[in-house]
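Novice: Below are the structure tokens for one structure; questions will follow.
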Amino acid sequence: MKKLKKNIWPLVFTGVNIVLFITFFLIPAILGFYYSLTDYKGFGTANFLGFDNYIALFQDASFYRSLFRTFTYAIFLVPLIYAVSLGIAILLNNKHTKGKLIGKIVFFLPWTISGIVAGVIWKWLFGENFGFVNYIIGNLGGESVPWFSNASAAFAVILLAALWGGTAFNMLQFMSALKNIPKSYYEAADIDGASSFQKFLYITIPSLKPTSFMVILLASIGAMKEFALVQSLTNGGPGTANMFIVQYIYTTGFDKMRVGYASAASMVLFAILLVLGLVQMKIGGGKNE
């Protein structure tokens with residue numbers, strides 16, 4: 153009884169997390185897998201099809217296009233977020249930098265804005281007929297750029313918007329990690345005559361390995377699951393050129409009412425994210441222990 157009383161509060165707190173995990177993850181995941189084996193349309197009965205949805209999915213060219221576009225997006229975005237977040241964190245952590253408080257507010261503000269609102273803001277900035285950017289270009293004597301009529305230009309705008317919104321959280325992680333690096337390392341390097349670049353390369357980067365691993369992992373998963381920003385900014389356009397995998401799942405499930413087929417796509421995405429996480433943990437996680 154005494155042992156039970158001692159462990160009751162840890163049990164209560166972990167019990168709440170377990171209930172939330174079962175309610176909002178495990179049950180939906182089981183239902184999603186079940187629906188992926190049926191022809192469920194969101195209403196009516198669900199007829200069992202076995203793995204027919206998966207077979208059709210792996211023969212669907214639009215599925216591969218959206219998956220390839222998502223991978224391309226992640227490959228471009230993750231290094232950009234890492235480099236920009238680290239650069240800003242180093243700048244704001246430097247003792248010679250002025251206006252740190254204002255800088256922190258300016259760089260942190262985008263994180264408080266939802267993806268939908270961010271998409272609307274950037275759509276206003278880069279609108280072809282009413283956008284602020286084209287207005288400036290026109291006043292400078294240039295031609296208006298068809299930002300959302302050209303697939304590559306629209307993709308670039310999505311990357312910029314995602315970088316703007318995703319930098320703040322990672323910047324905070326790097327700022328915290330930079331403060332935990334012992335100053336004695338840099339003092340010893342100064343005595344040895346190390347340059348600023350050498351200190352960055354041989355002290356800062358190695359000391360940030362655990363944080364770097366977490367930033368890359370979370371940024372990769374976030375990029376693979378991007379939806380709200382793209383939906384509000386380009387709606388996958390022009391056409392379906394910038395349709396990402398989550399948009400493909402959403403469109404298939406809710407617009408075309410093929411919930412079973414969309415569930416199969418979501419299971420494939422879950423498997424990809426699981427493998428991605430395990431690979432990154434294998435590569436970087438063991439080194440951080």
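Counted from 1, the sequence shown has number 254 at position 102 by our numbering; the numbering is strictly sequential.
From the three backbone atoms N, C-alpha and C, an ideal C-beta is built for every residue, glycine too.
1) Starting from the C-beta of residue 420, find all residues in its chain whose C-beta is less than 6 Å away, skip the five residues before and the five after it, and write them out in chain order.
2) Taking DSSP as the reference, what is the three-state secondary structure of residue 190?
3) For the candidate residues 166, 239, 312, whose alpha-carbon lies nearest to that of residue 226?
4) Am I right that residue 278 and residue 299 are in contact with their C-beta atoms under 8 Å? What's the rounded C-beta distance?
5) Distance, Cα to Cα, residue 242 vs residue 224?
6) Look at residue 260 and residue 320 and say whether their C-beta atoms are less than 9 Å apart.
7) Is the closest heavy atom of the ligand FAD to the C-beta of residue 374 under 8 Å?
8) Could I get the ranges of all uninterrupted alpha helix (DSSP H) runs contained in the region 278-365, with 4 residues as the minimum, in chain order?
9) Which of helix, strand or coil does DSSP assign to residue 200?
10) Using 8 Å as the Cβ pair cut-off and three pairs as the minimum, do the region 379-399 and the region 168-181 touch?
11) Suppose contacts are defined by Cβ-Cβ distances below 9 Å. Is residue 390 in contact with residue 302 by that definition?
12) Between the beta-carbon of residue 425 and the beta-carbon of residue 314, is there less than 9 Å?
13) Please classify residue 422 as buried or exposed, where buried requires at least 16 other C-beta atoms within 10 Å of its C-beta.
14) In the DSSP assignment, the alpha helix (DSSP H) including residue 211 goes from what residue to what residue?
15) Pick out the complete alpha helix (DSSP H) segments inside the region 377-412, 4 residues or longer, and give them in chain order.
16) Have a look at residue 164 and residue 211 and give me their C-alpha separation to the nearest angstrom.
17) Compare the C-beta of residue 222 against all C-beta atoms of chain D and say whether one is closer than 9 Å.
18) From the DSSP output, in three-state form, read off residue 222 for me.
19) Looking at residue 379: is its Cβ nearer than 9 Å to the Cβ of residue 402?
Specialist: From the atom records:
1) Counted from its first residue, the sequence shown places residue 420 at position 268. Answer for residue 420: no residue qualifies.
2) Within the sequence shown, residue 190 is the residue found at index 38, counting from 1. Residue state, collapsed to three classes: strand.
3) The residue you call residue 226 lines up with position 74 of the sequence shown. For residue 226, the nearest C-alpha among the options comes from 312.
4) Translated into positions along the sequence shown, residue 278 becomes position 126. Translated into positions along the sequence shown, residue 299 becomes position 147. The pair is a contact, with the Cβ atoms about 4 Å apart (cut-off 8 Å).
5) As a working note, residue 242 is residue 90 in the sequence shown. As a working note, residue 224 is residue 72 in the sequence shown. Spanning the two alpha carbons is a distance of roughly 28 Å.
6) Locating residue 260 in the sequence shown gives position 108, counting from the first residue. Locating residue 320 in the sequence shown gives position 168, counting from the first residue. Yes.
7) Summarising the ligand content, the structure contains no ligands, and the ligand FAD is consequently not present.
8) As far as the region 278-365 is concerned, its whole alpha helix (DSSP H) runs of at least 4 residues are 284-291, 303-331, 335-343, 348-351.
9) Here the question's residue 200 lines up with position 48 in the sequence shown. Correct three-state label for residue 200: strand.
10) no
11) Working through the sequence shown from its first residue, we reach residue 390 at position 238. Working through the sequence shown from its first residue, we reach residue 302 at position 150. In contact: residue 390 and residue 302 (Cβ atoms closer than 9 Å).
12) In the sequence shown, the residue the question calls residue 425 occupies position 273. In the sequence shown, the residue the question calls residue 314 occupies position 162. Against a cut-off of 9 Å, the Cβ pair of residue 314 and residue 425 comes out as no contact.
13) Sequence index remark: in the sequence shown, residue 422 carries index 270 (1-based). Residue 422 should be labelled exposed.
14) Within the sequence shown, numbered from 1, the residue matching residue 211 stands at position 59. Counting along the chain, residue 211 falls outside any alpha helix (DSSP H), and DSSP gives it neither H nor E.
15) Taken in chain order, the complete alpha helix (DSSP H) segments of 4 residues or longer contained in the region 377-412 are 380-385, 397-402.
16) The residue labelled residue 164 in the question sits at position 12 within the sequence shown. The residue labelled residue 211 in the question sits at position 59 within the sequence shown. Taking the straight line joining both Cα atoms gives about 48 Å.
17) Although the question refers to chain D, the structure presented lacks it and comprises just one protein chain.
18) Position 70 of the sequence shown, counted from the first residue, corresponds to residue 222. Helix, per DSSP.
19) The residue given as residue 379 occupies position 227 in the sequence shown. The residue given as residue 402 occupies position 250 in the sequence shown. For residue 379 and residue 402, yes; Cβs fall inside 9 Å.
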